[in-house]
Amino acid sequence: MKKKIIIFMIVLFLVAFSIPFINNELTGNHVLGNGMYNYTSPNNRTFSFEKGFVGENERHLLYYYNLVDIGGDVGRKELIKIPFRYGPYDIEEIHMDNVRKDIIDAEVIYFTRDYNLDRLTDQKDGIAMLTLMRVLDDSTSPDIYKIPTSIAITEAVDGVDSPVIGCVQSTAERRIIELRQGEENRIYKEGECIVMEFVTADDSIKVATKLTYHVLGIM
């Protein structure tokens, strides 16, 4: 069931980004105004992005160097290019607690949300969750942290075969990340749970993007 949900979300994610990629690079006649820019993290690391446009839709391609161990070549740097709807400068004002270690030290992660968010956000909640999930999950590219990750809902719904998991069930080993609609765009801890609170449908992707950059050490 997990694989079916993730495959559906990946398809939704790629369609929603509406950007032609070959080897993760911006390509095609519809890509205009490309430009490289850098962003400096709180730890003074520099990360490079390529900004481009598909029609009027802005996209940001992160050039991320991941340390890997391939064939005994410990510490080798592998370049991974990851597309985002928003760049780090776009989302600096979103409040965020320091939760990076809470996430990357978890043994398993559950993304949960109210099932009705699919309808209320026109399925942008799925894009938001996959924005972060793809760098964490051990079966979703680019799977940088290789943490087993699953999708859940906060309350049971008739006819929906999905785990029912809420914030109160979060522990240090089994971390729960809830996508929750509220009155402010912010990322914070609620007990052992991490909450991505958003206002509008597009905001759900913004808060998820900021948390993804945080996990990657960018923000």
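FYI, the numbering for the sequence shown is 416 to 634, going by our numbering.
Built from N, CA and C at the ideal position, the CB exists for glycine as well.
Residue from the options with nearest C-alpha to residue i
i	options	result
PHE526	ALA616, VAL572, ASP505, SER577	SER577
GLU598	CYS608, ILE592, THR615, VAL583	THR615
ALA587	VAL514, TYR628, ARG549, ASP529	VAL514
GLY581	GLY606, SER456, ILE559, TYR560	GLY606
THR624	CYS608, ASN600, LYS604	ASN600
ARG491	TYR480, ILE620, ILE542, ASP512	TYR480
ILE592	LEU535, ILE506, MET544, PRO457	MET544
ILE518	ARG590, ASP618, ARG500, MET611	ARG590
GLY541	ILE620, LEU626, ILE602	ILE620
LEU626	GLY502, ARG460, ASN458, ARG474	GLY502
ASP505	GLU522, LYS466, ASP512, ARG528	LYS466
GLN538	SER456, ASP617, LEU547	ASP617
TYR560	MET611, PRO457, ASP533, ILE524	ILE524
VAL579	PHE462, ARG528, PHE468	ARG528
Cβ neighbour criterion (16 or more within 10 Å) applied to residue i
i	result
LEU395	This structure does not reach residue 395, given that the chain is present from 416 up to 634, and the question cannot be answered.
LEU631	buried
LEU441	Any answer about LEU441 is weak, because its pLDDT of 45 lies below 50 and its placement is not dependable; what the coordinates show is given next. So LEU441 ends up on the buried side.
LEU494	exposed
LYS516	exposed
GLY520	Position check: residue 520 holds Asp in this sequence, whereas Gly was assumed. With fewer than 16 Cβ atoms within 10 Å of its Cβ, ASP520 is classed as exposed.
ILE497	buried
HIS510	exposed
TYR452	exposed
LEU535	exposed
ARG460	exposed
Unbroken alpha helix (DSSP H) run spanning residue i, endpoints
i	result
GLY541	539-551
SER619	616-630
ARG534	532-535
For residue i, the first and last residue of its enclosing beta strand (DSSP E)
i	result
ILE566	564-568
ILE365	Given that the chain is displayed from residue 416 to residue 634, the structure contains no residue 365 and the question cannot be resolved.
THR461	461-469
ILE602	601-605
TYR525	523-528
CYS608	608-613
GLU588	Unbroken run through GLU588: none, as it is neither H nor E.
Subject >> Three-pair Cβ contact test at 8 Å for the segment 568-587 versus the segment 540-557 >> reply: no
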